[in-house]
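There are 4 protein chains.
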Amino acid sequence: MSNRTLNVGVIGCGRIGRIHAENLATRIPGARLVATADVTSNSAKEVAAQFHVGKATGEYRELLADASIDAVAICSSTDTHARIIQEAAAAGKHIFCEKPIDYDLERIRAALAAVDKAGVKFQIGFNRRFDPSFAKVHELVASGAVGQPHVIRITSRDPAPPPLEYVKVSGGIFLDMTIHDFDMVRFLSGSEAEEVYAIGDALVDPAIRDAGDVDTAIVTMRLKNGALATIDNSRKAVYGYDQRIEVFGSKGSASAGNRTPDAHVLTDTAGVHEAKPLHFFLERYAEAYVVEMRAFVHAVLKNQTPLVTGMDGLQPVVMGLAATRSLREGRPVKLSEIA
Amino acid sequence: MSNRTLNVGVIGCGRIGRIHAENLATRIPGARLVATADVTSNSAKEVAAQFHVGKATGEYRELLADASIDAVAICSSTDTHARIIQEAAAAGKHIFCEKPIDYDLERIRAALAAVDKAGVKFQIGFNRRFDPSFAKVHELVASGAVGQPHVIRITSRDPAPPPLEYVKVSGGIFLDMTIHDFDMVRFLSGSEAEEVYAIGDALVDPAIRDAGDVDTAIVTMRLKNGALATIDNSRKAVYGYDQRIEVFGSKGSASAGNRTPDAHVLTDTAGVHEAKPLHFFLERYAEAYVVEMRAFVHAVLKNQTPLVTGMDGLQPVVMGLAATRSLREGRPVKLSEIA
Amino acid sequence: MSNRTLNVGVIGCGRIGRIHAENLATRIPGARLVATADVTSNSAKEVAAQFHVGKATGEYRELLADASIDAVAICSSTDTHARIIQEAAAAGKHIFCEKPIDYDLERIRAALAAVDKAGVKFQIGFNRRFDPSFAKVHELVASGAVGQPHVIRITSRDPAPPPLEYVKVSGGIFLDMTIHDFDMVRFLSGSEAEEVYAIGDALVDPAIRDAGDVDTAIVTMRLKNGALATIDNSRKAVYGYDQRIEVFGSKGSASAGNRTPDAHVLTDTAGVHEAKPLHFFLERYAEAYVVEMRAFVHAVLKNQTPLVTGMDGLQPVVMGLAATRSLREGRPVKLSEIA
Amino acid sequence: MSNRTLNVGVIGCGRIGRIHAENLATRIPGARLVATADVTSNSAKEVAAQFHVGKATGEYRELLADASIDAVAICSSTDTHARIIQEAAAAGKHIFCEKPIDYDLERIRAALAAVDKAGVKFQIGFNRRFDPSFAKVHELVASGAVGQPHVIRITSRDPAPPPLEYVKVSGGIFLDMTIHDFDMVRFLSGSEAEEVYAIGDALVDPAIRDAGDVDTAIVTMRLKNGALATIDNSRKAVYGYDQRIEVFGSKGSASAGNRTPDAHVLTDTAGVHEAKPLHFFLERYAEAYVVEMRAFVHAVLKNQTPLVTGMDGLQPVVMGLAATRSLREGRPVKLSEIA
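Protein chains in written order, with the numbering used here: chain A, 13 to 351; chain B, 13 to 351; chain C, 13 to 351; chain D, 13 to 351.
Printed below as a string of structure tokens:
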């Protein structure tokens, strides 16, 4: 497939779907956005019009039935992912799927089995792996520059909690938010987790406790390669999106902090002042979304294994389920306890 | 014109022309790239094909004659700018023109007179004004946060000299390279220069001296508002593009440094290591090119005066000529000495 | 006592004792170093000679019996602290004591009871509280600048493990090393811990495991005020002493990183390079040692409660014992479980 | 002399004299402060009492006549330096002298001739050379890490102007303030200046203009080794002492910025905030004052040439005189024009 353009359809035209649509239409060499689908067909049409796309529909199955479409980007609501993956795989479409595949391990495994059976390419949307700073830290660790990893530290804070209605169906902070950090621990350490322990509370908003969730949490882990990890999360950093990682090892430390909208420095009688971090994921990971889609398109066109696989989609869910159980039961939980 | 889309043609499809073409095609709300022209008509066609543009030609006058085209972006070689400006103005096209307008003050004035007479919008491509960091420093100065400006400091270094053949026809370092810094002094200080003094030498490559130019220079200035300015330039910073500004005033200092491709930090037995600056202007000012074109399109659609005017195109050339004379004659030169 | 000089004797003239001796002799207004004692009387004499001190002895009881001595700084080996405190208190001497008081809670309580009974001033040597950066973070938190604390993050790494012989008698990493971080959690949060959980391993040197200890650890905590805390420790950061803290709260974040021996920046084709952190505690906390002793002298002369009290000496030992038990038993341990 | 202690007397017990007295008394291995002198004998006595020094006098000649004194630190007012140097040299005392030697080239030459004739060690107090950051930049340049120097950039700003009465007798900004920067240019570049050009104005306080001086200035230079230099000065940076240097060369750039009293970072809804630079020279160069005196004592005890020589005391005065003439005459001035 390497000498031609990949025709991609986007399924789900909400916030993240629009980003992928725009990137596919304008920033991904080798790809062409050829169709959009959304249960709200007007959304699909709006996006299609913006990017000069011929096909827009309220029914994603039309994309799966269209032989001219090579691949789909699944950006619909989480509860539809597993089903659409199975159908798309059966239709022979290569699949880029937003995270998570699902919160249910059985459904995830069924979806991945369908992918395997069909032999189509599958990439899960852990966008942070493609952030230039995080990718560089990964590269430094993989190159041996920090030696054997001993400690992984991750800070991950959102600027504001999602709506309460969303919190109630989100699967909880560990499956909705920390899942990205679980993926980052695996990505950076090159190891699976052995055991997870979580503490947390609703310090931002008591209504989140009433909804059965926490908004502030710390998760620690023992990894199979011996390294230890700690993640701290908050649903609300008033200064914006706070995304920092560090890998400390036998030869040194590699870390990456936040990026800012500009590099100004104001020095006055009150101190030295700089810009806050980029506000949220749309700003911080704008480049990562482009790079991850380029990587997907490249993998398909070159017939290579995508950089983020189905297993990468499954394991963080296992970790999230273990953290959830740990918090509930007040004890460390081994990943082997999770079915 | 505020309710419709601005149809823009790009004249000159070299490196910078392609950037503006891509931005107009994909990142500028309210604009549509409708035609390309280049003396090498294949270049025009190549760009047109990439961005689904219907019209591509080897003859820019076809664009000027096309009534459906509202504005042109002039990205051809410098020696053609003044003539095309005059013709485009006469054809009633709004004009975005890459810097400089020309190196000859008479030709600049004639071009600007044509623009005035035609009443079309005109913006000169001093892209650095739209860099988020530099724009923020300008905003801080304009807001009074640093008080009355006392000292402007600019460091501006390229990663490598241009080809010698280009050096010979470039007009010299002050007109080719420092011109951006002259614009920045005016932009940041809000003042014209009174007197200029320059020192320089060919420290990077003796062949540049043989070509009658210098590759390393320091220019100092007295401004009409009393502030003092210093600019240091080099044609070769081995670590990449080095672009830093500072405004020091009665209430403090506002500065902006370089941006990096990523925010990693590696700490090992040898020290603490971070990424080099973004390599050159295409990387560093990628966002600035988008923002400046948005500003141009916005000014035309809203019938406002563009943020960078014809006078902004003229004055840095006067400063460059004064610096050139200062270097040759070994004395400070008043701007009033330049015709 | 406010109008006269405090006569201080130093008991124990090892590495830390010499620092306090030098500071008392040269940098503490209101104090005079008047005597030194060390079981190796030559050490006492050497220090005395260096700082023009008249009295040097192999027997600390001579200092306690000397009516001209107002206060003692106890810098002898940990196993002697509790006894000397009791004797010094009985002798009416004000007491500055290096951390920890002891590893046995009964002996600590007995020592503190003696202090209380005698009514002398007592300050425990948690020097990091007086580090200008950490003190500033504390001040910002106390002032409300970060709002209600939600997460405390501490990274604390030594440049190299202590000798194995020391490891064997050190009480373990949590009582020997993390104890400073436990104090910092209390200092920054203004709260006691409720429950502690620890993971750890010997990743630096297997001989440390053979000695019954770990060299790499992560401790998490729930605090009584609701905040969560995480500490990560390593006995060996090849790049030097790594001491960083962060308090994240409802209104923002206050943090402090390492200090460097100089502020140089080298930029070359390989990247941007800066100095490593100050190598170890003698360099990093040089200023803190001066400030803490000034604070002690000030508290005595002004008859004020010292800034670091007996309770501040006791609680981190409780936390260290809880962490030690947590690591052994693989479960979170409440502080109330520790006798 | 290497096996014994150097007995030093301090002449002049004002602000800077007290610093050297304290350092000699407490922080300089190999040195002993044995006497103080000041025209106000009470000042001499006060300092002597503070540091347990036996001899204090209103007449510096008593120190020169005291055979037990090996060396003197001349910290009296500038107009007395040349005379005391000559007398001290004649008395066989090694000499540390605060900058400048004098503002008159003849008197400087006479003083240096007396030093040469006597064969005593002489070090001039250009303290900034011993600042750890600046010393590191010098070391990097000297090691070849930045290649051949092309551009030297120095920013040097005081927190507030000196009293007007001082301004009137200071010799002008270039001899009083920029003289340190002139020394730094020579120190960093390893080259003498060829030609100097200066612009300046009284932007901080018109009374400084009335006193015949400027408070804001930019000086540029051609150096004999081909490098170019620019210095910008202000008598008033409201945020404190601003001392930054940069050497840019064929292989990269070495720079050093300000130091801060602490390393805190506060991040809130308004931005990211850090500490201002250390307020003034007493704070910023506290360590440099210790290191320079250690270097002097070391040079005398080891019979080595001091790191800052008489020539290093002379040349910056020549540069200051050239800059003064350049400002007055509005033209570049060659150093060879200065007698």
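From the three backbone atoms N, C-alpha and C, an ideal C-beta is built for every residue, glycine too.
*Looking at the structure shown, is D/Gln160 part of a helix, part of a strand, or coil, going by DSSP?*
coil
*How is C/Tyr253 classed by DSSP in three states: helix, strand or coil?*
coil
*Find out if the Cβ-Cβ distance for the pair A/Ile185, A/Ala229 is shorter than 8 Å.*
yes
*With burial defined as no fewer than 16 other Cβ atoms inside 10 Å of the residue's Cβ, what is the status of A/Ala334: buried or exposed?*
buried
_6 Å Cβ shell around A/Ile23 - same chain, five flanking residues per side excluded_ = Ala49, Tyr72, Val84, Ile86 and Ser88
*asked:* Within the continuous alpha helix (DSSP H) that includes B/Tyr297, where are the two ends?
replied: Where B/Tyr297 is concerned, there is no enclosing alpha helix (DSSP H), given that its DSSP letter is neither H nor E.
_Whether D/Glu99 touches D/Leu76 by CB criterion (8 Å)_ = yes
*asked:* Strictly under 8 Å for the Cβ-Cβ distance: is B/Ala268 near chain A by that measure?
replied: So, interface residue.
*What's the C-alpha gap between D/Ile243 and D/Gly269?*
14 Å
_Whole angstroms are fine: how far does the CA of B/Thr17 sit from the CA of A/Arg296?_
A/Arg296 and B/Thr17 have their C-alpha atoms spaced approximately 30 Å apart.
*Secondary structure of B/Tyr72, DSSP reduced to three states*: Residue state, collapsed to three classes: coil.
*Out of curiosity, what's the CA-to-CA distance linking B/Thr336 and B/Ala210?*
8 Å
*DSSP three-state assignment for D/His64, whether helix, strand or coil*: coil
*State the DSSP-derived secondary structure class of C/Val9, mapped to helix, strand or coil.*
Since the displayed chain C opens at 13 and closes at 351, residue 9 of chain C lies outside it and no answer follows.
_Does the CB of D/Thr336 have a neighbour CB from chain B at under 8 Å?_
no
*Relative to the C-alpha of C/Val153, which residue among D/Gly21, D/Leu290 and D/Thr279 is closest?*
D/Thr279
*Would you verify that the beta carbon of C/Pro289 is, or is not, closer than 8 Å to some beta carbon of chain D?*
no
_At a CB distance below 9 Å, what residues from the segment 17–43 of chain D approach chain C? Give them in sequence order._
Residues Glu34, Ala37, Thr38 and Arg39.
_Once DSSP output is grouped into helix, strand and coil, what is the label at A/Leu290?_
The answer is coil: DSSP assigns A/Leu290 none of H, G, I, E or B.
*Span separating the alpha-carbon of D/Ile220 from that of C/His106*: 55 Å
*Determine the chain D residues that contact C/His310 at a beta-carbon separation under 9 Å, and present them in chain order.*
Result: empty, since nearest Cβ-Cβ is about 19 Å, beyond 9 Å.
*Quick one: does B/Leu240 have its CB under 8 Å from some CB of chain A?*
Proximity of B/Leu240 to chain A, defined by a Cβ-Cβ separation below 8 Å, is not satisfied.
*If you drop the 5 nearest sequence neighbours on each side, which residues of the same chain put their C-beta closer than 7 Å to that of C/Ala223?*
Leu176, Val179 and Lys180
*Who are the near neighbours of C/Lys236 in its chain, counting only those whose CB is closer than 6 Å to its CB and skipping five residues on each side?*
Ser203, Glu204 and Glu206
*Which residue from A/Thr52, A/Pro171 and A/Val59 puts its Cα closest to that of A/Ala37?*
A/Val59
*By DSSP, does A/Leu45 sit in helix, in strand, or in coil?*
strand
*Cβ-based neighbour list, A/Leu339, same chain, cut-off 6 Å, excluding 5 preceding and 5 following*: So the qualifying residues of the chain are Ala210 and Gly212.
*Between D/Thr281, D/Ile40 and D/Ala307, which lies nearest to A/Pro171 when the distance is taken from Cα to Cα?*
D/Thr281
*How about C/Ala68 and C/Ala56: do their beta carbons lie closer than 8 Å?*
yes
*When you compare only the Cα positions, how much space is there between C/His310 and C/Arg141?*
16 Å
*asked:* According to DSSP, simplified to helix, strand and coil, what is A/Ala266?
replied: Three-state DSSP puts A/Ala266 in a strand.
*Where does B/Arg30 land, buried or exposed, given buried means 16+ other C-beta within 10 angstroms?*
buried
*Taking 8 Å as the CB-CB limit, is A/Gly342 close to chain C?*
yes
*Look up D/Leu235 in the DSSP assignment and say whether it is helix, strand or coil.*
strand
*asked:* Based on DSSP bridge pairs, tell me the residues matched to C/Gly261.
replied: C/Pro161 and C/Gly264
*Taking Cβ to Cβ, would you say C/Ser201 is nearer than 8 Å to C/Pro161?*
yes
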